[in-house]
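In full-length UniProt numbering, the protein residues as written are 1 to 185.
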C-alpha cells in the first residue's frame, strides 16, 4: 500500500526460524459495497476478475478480488492502476446502489513466508487455517486486532487497519522469533 511520498518497496520487518515477515507497500485497494447478485457481471468486467464465491477470492496474479461480506468485496491491485480502475468500477455500477472507495491508505499488508508461516499465524488467530481452501479468505483477528488472511505464494498474506500497523508488525515478529515454535520442546 503506497503512501504519498513514501518508498513503495517491500520492507522486511522480521526474520526468524519460523517465517520471514515482509510488509508490502505499493498496493492499491478498492472497497466495493453492492448487491453482488445484481451487479456481479458489471463489477467483474470493470475489475477484470470474476466475482468470487462466498469466503473465496479470485486472482490473475496482479489483481486480487476477495469476498469480505455478503455485499462487500475488496480489490487489491498495483497502486498505479487504482484511479483508472476506481473510475471504471464507479461507471460500471452507476445505475446500482453501490459504494466504491479507494481504501489504499487505510490498510497495511504483511506477507509471511517459509515452511512454518502458518504456525506463526496459528499462535495469533483462532481461525482454523488447515480448513481454509487454497482460494479461501478469512476475516478474523490476530492478537485481538481485526484482520483478513489468505494463502499467498508459499505462505500467507495478512491485511489489517494501518492504525495498528506497528503493533501487528511487532506481534508477527515475536510470533516468528527463534524458540517460539508450537512443537513440544
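We treat Cβ as the ideally placed atom computed from N, Cα and C, and that holds for glycine.
Just checking my contact of residue i with residue j at CB under 8 Å: how many whole Å lie between their CB atoms?
i, j, result
"residue 132", "residue 120", "15 Å between Cβ atoms; not a contact."
"residue 92", "residue 42", "4 Å"
"residue 28", "residue 78", "6 Å"
"residue 148", "residue 138", "7 Å"
"residue 31", "residue 101", "5 Å"
"residue 19", "residue 114", "4 Å"
Pick helix, strand or coil for residue i, following the three-state DSSP scheme.
i, result
"residue 40", "helix"
"residue 164", "helix"
"residue 142", "strand"
"residue 91", "helix"
"residue 96", "coil"
"residue 69", "strand"
"residue 49", "coil"
"residue 173", "helix"
In chain order, what residues of the same chain have a beta carbon less than 7 Å from the beta carbon of residue i, not counting five sequence neighbours either side?
i, result
"residue 58", "49, 50, 52, 65"
"residue 44", "50, 51"
"residue 81", "28"
Going by C-alpha distance, which of the options is nearest residue i?
i, options, result
"residue 125", "21, 67, 175", "175"
"residue 73", "21, 55, 80, 164", "55"
"residue 61", "164, 179, 151, 159", "151"
"residue 21", "80, 109, 135, 63", "109"
"residue 25", "98, 170, 173, 162", "162"
Would you call the CB atoms of residue i and residue j closer than 9 Å?
i, j, result
"residue 85", "residue 46", "yes"
"residue 118", "residue 155", "yes"
"residue 70", "residue 36", "yes"
Go through its chain and collect everything with a Cβ distance to residue i's Cβ below 6 Å, but skip five positions before and after it.
i, result
"residue 142", "124, 125"
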